[in-house]
Structures are given as structure tokens and as C-alpha cells.
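There are 2 protein chains.
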Amino acid sequence: MALEDVKALTFDVFGTVVDWRRSIAREAAALLGAGKGLERDWNAFALSWRNRYQPAMERVRSGNRGFVKLDVLHRENLLEVLEEFEIDGLTEAEIDHLNFAWHRLDPWPDTVAGMTRLRTNYPLASLSNGNVALIVNMARRAGLPWDAVLGAEVARAYKPMPEAYLSAADMLGVAPAECMLVAAHNDDLKAAKVAGLSAAFVCRPTEVADEDQTKDREPWEGVDVAATSFEDLADKLGC
Amino acid sequence: MALEDVKALTFDVFGTVVDWRRSIAREAAALLGAGKGLERDWNAFALSWRNRYQPAMERVRSGNRGFVKLDVLHRENLLEVLEEFEIDGLTEAEIDHLNFAWHRLDPWPDTVAGMTRLRTNYPLASLSNGNVALIVNMARRAGLPWDAVLGAEVARAYKPMPEAYLSAADMLGVAPAECMLVAAHNDDLKAAKVAGLSAAFVCRPTEVADEDQTKDREPWEGVDVAATSFEDLADKLGC
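Protein sequence lines correspond, in order, to chains A and B.
Position one of the first sequence corresponds to residue 1 (the working numbering), numbered consecutively onward.
Position one of the second sequence corresponds to residue 240 (the working numbering), numbered consecutively onward.
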């Protein structure tokens, strides 16, 4: 598949479009640190919450649990993280508000400008494991110009299940190979390619650590294009 | 449910957001009239195509046929309309292009300005029987500022089945009554209310005829708000 045959772009969101680690640490520091006078390592808090993400989805992917929205999994995981960090006494409303920190993640500095350029040539859809309301609320706050919100909740299948990728291409009315996944994670891109989609790697070298991040520093050799930012991707796709 | 409790707006599209009748007549006149030298009543052509819409969906709603996208139903219906109007000799590509006239419908004059105002206070989602690609392509051409594209294909249920309405509210993360359907059709609004949603009537007095349209000239008494345009609705919702 040549790049000029791509007709639609779909995006991984957590880590690719938005900086979940610093955003969650910021929210936890505000709500629990400044708000409650607690002293904890809020970066470690964010990482611990995120580390519970794949195991929680795996119970759904394996069929051991029916499909539930990511908001539900995030909240269950949050209760475990609060226990790990010995934080108690929060009201249900405070827990809900902290859980919805995932609806308030900040974009990377190049995200909005890059998406705006890419959108002139391609329809842009989210292809995230985040649920629709999460992606909609995030987009309204951050100004992300989606043409459609697709992904796990719409497909009722969490990535990397092939149905998640194929459902997005089908709903956008294009063949799988005409649908490109943009992601900062090689595992996601490999699964997209196995399902038949095209793949664009965008490096996000501080997603999981401020420095010396080793994960996903280089693109998997099977990607169709690799970029250092959404602006660079727009250059490479001729937008 | 008071108007101030509404948290999200969903929209019927064909007839409410866009003027399907004049748009389809325009496309048919261009492709078949100007393009092929055929003389037909293109307004009647548009009405005949639209009249086959409900019976085609009813076969899916009744369970006699599995879910298929509206693009598929539109194309099957188009073949019947072409036969009715004694038009033959079109290539498959020409038939596809004419079928995708439904992706190129024009908004009513107040649509974009009204939606832009409404969007400042509410997330806006399509809740149409049109498939995702149809709504996305229409929105990109017409500049419709959707936050999400929901409706029949995402719910895998055609309106007026209650699942179509309830799925939209659920995906937007709001209670049914906090989700308002905006529509020019009282039957649609009644079904939304039965499902538990709120309902806003917007009068579109030339949807099916240039003058003397009798259908849906007045709101059903059960709606929560009635307006004469999207701008008027924005006024009435305080946007």
C-alpha cells in the first residue's frame, strides 16, 4: 500500500495524542496534594494507575467479562491505586472527579496544529480504547478536531483485537489498507497491520519517563511511515 | 425534566440538519439531466427515493434482515427508482456516485450558525439512520461541527427502535433524559421520549414540498421545546 492510497487516518489517543502521564500526575497533585494536603509521588501514582490498564482490559478481551467502558475499568483500578498509595476518606464524588481526570488529558504541543493540517486531506477518527464520552470531553477541552469518535466502545472490542481496527475502517467506508493507524506504540501498530490497516509511527519519547525512556523510541520496521511529531507526519503525508 | 438539566444534544439529520429533497434533486439533475441529457421530474425522483427509505429499514428492524448500512439500502432503492423513471445504461461507478449524493446534502441556511452556537454549551452528536461515513463526509463538505457521530450504525439499530436513542445517551455518558433529540419529525421525537430522552422540535416547513407542506408543521404537544430554526433553538436554550 502506497502512502497516496491512504484515505482516512485513525489515532491511538493515550500517549499518542495526549500526555496522560503528566496530566494524571497534575490532576492527582491538584486534587489530592494541594486539595487534601497529601504528599505522594504523583508521577508514580499516574504510572501505577496506567499499569493496571492492560490487565483490566485483558479480562474483557479474554471473554472472562462482558464489555464494559474504560471509565468503569479506570474507576476500579483507581480504587486499587488509592489503596496502594494509602489514600482514603474520599467521597464517591471526589473519586468520580479524579477518575474523570482521563477526560481532561492535555495534548502534546504539536497535536492540535498537526491534526488541523492532517484534517485538510483526511478524515480523522479516534481509534482509542477510551470510551466515547471520554474522547468527546477530552476533545472539547483540548480542541481536538475529530471527524468521528470510533474505537473500543463503538466496536465493543478492545485493541489489539482485530475487530477494533476493522470496525473503524468499515465505518469510515474505506478498505482496511486505506485506513492508517497513527500511534506511538509499536504493539498497536503491529496489530493494526495484522488486521490489514496501514501504520504510522509517531515518536513520543517522554510518554512514560521524563528522560531515558527506552520503550517505543524507534519505529517497528513494518510501519508505512515514521514521524517525530504530528507536524512532521503532516509534512510526510503532504498536508 | 427541565431544560437546564439537558447535558447533550443529539440530532436527526435528514430533513432536520440538511435539505435532502432539494439536494438529491440537484444531484440527479446534474448527473442525469445535464450529464446525460435526460428530462425527468427530479423533485419527484428525490421523493420516490426517499419514500423507499422506511420500508427498507423496516425489513432490518423487523429482524427479517441482518443490519446493513444505509448506504446499502440507499443503493438498492436507487436501482428501483432508476427503473421507475426508466433510466438505464449507467455504469456501476455512476450509480455509486449518484448513491453517494446522500453524502453531499446541503444544510439548511441556519444549520451551521445554530450548531456553532449550541456547541458552546453542549456536546453535539448526530443520531441519524445514516451510516458513519455518510455523516462524516456530509459534515466535512458542509462544515457541520459534530463532537461525535452516533446513530444507527453505531447502535446497530435503526430509529425508531429504542436502542438507537438509548445507545447515544449511554455513549455520551448522560442519563436518557439529559440527552435531547433535536428533530423536525414528531414521530422521531415521540420515539425518543418513549425511550426516555428529551425532545426539541425544529420546524422545517419545506422539507417535502416547496409550499403547502402539511406534515410536521406543528410540534407534538409532548416536546420539551419547539423552535423555528437552529438559531431559534440556540436562543431558547440560552446559547
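Where is the CB? At the ideal position from N, CA and C, for every residue including glycine.
### Continuous alpha helix (DSSP H) stretch holding S287(B): start and end
281 to 290
### Task
Provide the residue span of the alpha helix (DSSP H) that contains A148(A), from first to last.
That residue, A148(A), is in no alpha helix (DSSP H); its beta strand (DSSP E) goes 148 to 151.
### Query
Where does the unbroken alpha helix (DSSP H) through L70(A) begin, and where does it stop?
70 to 84
### Query
Are the segment 430 to 444 of chain B and the segment 413 to 420 of chain B in contact at 8 Å, needing three or more beta carbon pairs?
yes
### Task
For V108(A), I'd like the list of residues in its chain whose CB is within less than 8 Å of its CB, leaving aside the five on either flank, ordered along the chain.
Residue identity differs from the one stated: residue 108(A) is Trp in this sequence, not Val. Result list for W108(A): V17, V18, D19, R204, S229, F230, in chain order.
### Task
Confirm, please, whether the CB-CB distance from E207(A) to R21(A) is below 9 Å.
yes
### Query
Of all Cβ atoms in chain A, is any one closer than 9 Å to the Cβ of R379(B)?
yes
### Query
Quick one, which of F100(A), A164(A), G66(A) has its alpha-carbon nearest F11(A)'s?
A164(A)
#### Entry: Nearest to E80(A) (by Cα), restricted to the options V132(A), T120(A), W49(A)
W49(A)
### Task
Check whether the Cβ atoms of L312(B) and A340(B) sit closer than 9 Å, and answer yes or no.
no
#### Entry: Closest by C-alpha distance to V245(B), when choosing among H424(B), G254(B), A430(B), G412(B)
G412(B)
### Query
When you compare only the Cα positions, how much space is there between L70(A) and I334(B)?
42 Å
### Message
Just to confirm my understanding: we take P160(A), look at its own chain, exclude 5 residues before and 5 after, and list those with CB closer than 7 Å. What are they?
### Response
D187, D188, A191
### Task
Mind checking who A503(B) pairs with in its DSSP beta bridge?
For chain B, the structure presents residues 240 to 478; residue 503(B) sits outside this window and is missing.
### Query
With a cut-off of 9 Å, does the C-beta of M171(A) fall near any C-beta of chain B?
yes
### Task
Look at G302(B) and A473(B) and say whether their C-beta atoms are less than 9 Å apart.
no
### Query
If we cut at 9 Å on Cβ distances, does V371(B) have a partner in chain A?
yes
### Query
Which residues, taken in chain order from the segment 248 to 262 of chain B, show a beta carbon closer than 9 Å to some beta carbon of chain A?
none
### Task
For L248(B), I'd like the list of residues in its chain whose CB is within less than 7 Å of its CB, leaving aside the five on either flank, ordered along the chain.
L357, Y361, L363, M419, V421
### Query
Listing by chain order, which chain A residues have their CB less than 7 Å from the CB of A387(B)?
V132, V136, V149
#### Entry: 7 Å CB neighbourhood of V60(A) in its chain, flanking five on each side removed
F67, V68, Y158
### Task
Less than 8 Å between the CB atoms is what I'm expecting for A273(B) and F284(B), so what's the real figure, rounded?
That belief does not hold up - the Cβ atoms of A273(B) and F284(B) are roughly 14 Å apart, past 8 Å.
### Query
Which same chain residues, not among the five before or five after D147(A), have their C-beta less than 8 Å away from its C-beta?
R119, P123, L124, A125
### Query
In chain B, which residues lie with their C-beta within 7 Å of the C-beta of V154(A)?
V393
### Message
Would G151(A) and M138(A) qualify as a contact pair, given that the criterion is a beta-carbon distance under 9 Å?
### Response
no
### Per-residue DSSP class, three states only, for T116(A)
helix
### Task
Determine which residues share a DSSP beta bridge with M180(A) and list them.
L9(A), S198(A)
### Task
Note down, in chain order, every chain B residue with its Cβ under 7 Å from the Cβ of P123(A).
V375, R379
### Task
Less than 8 Å between the CB atoms is what I'm expecting for L134(A) and V112(A), so what's the real figure, rounded?
Between V112(A) and L134(A) the Cβ distance is about 18 Å, and since that is not below 8 Å, they are no contact.
### Task
In angstroms with no decimal places, state the Cα-to-Cα distance between A209(A) and R395(B).
41 Å
### Task
Using a threshold of 9 Å, state whether the C-beta atoms of A423(B) and D455(B) are closer than that.
yes
#### Entry: Sub-9 Å separation of R75(A) and N99(A) beta-carbons
yes
### Message
With DSSP as the reference, identify every bridge partner of P346(B), one or two as the case may be.
### Response
V257(B)
### Query
If you draw a straight line from the C-alpha of F324(B) to the C-alpha of N316(B), how long is it?
12 Å
### Message
My output table needs one value for A125(A): the three-state DSSP class, helix, strand or coil.
### Response
strand
### Message
Taking only three categories from DSSP, how would you classify F306(B)?
### Response
coil
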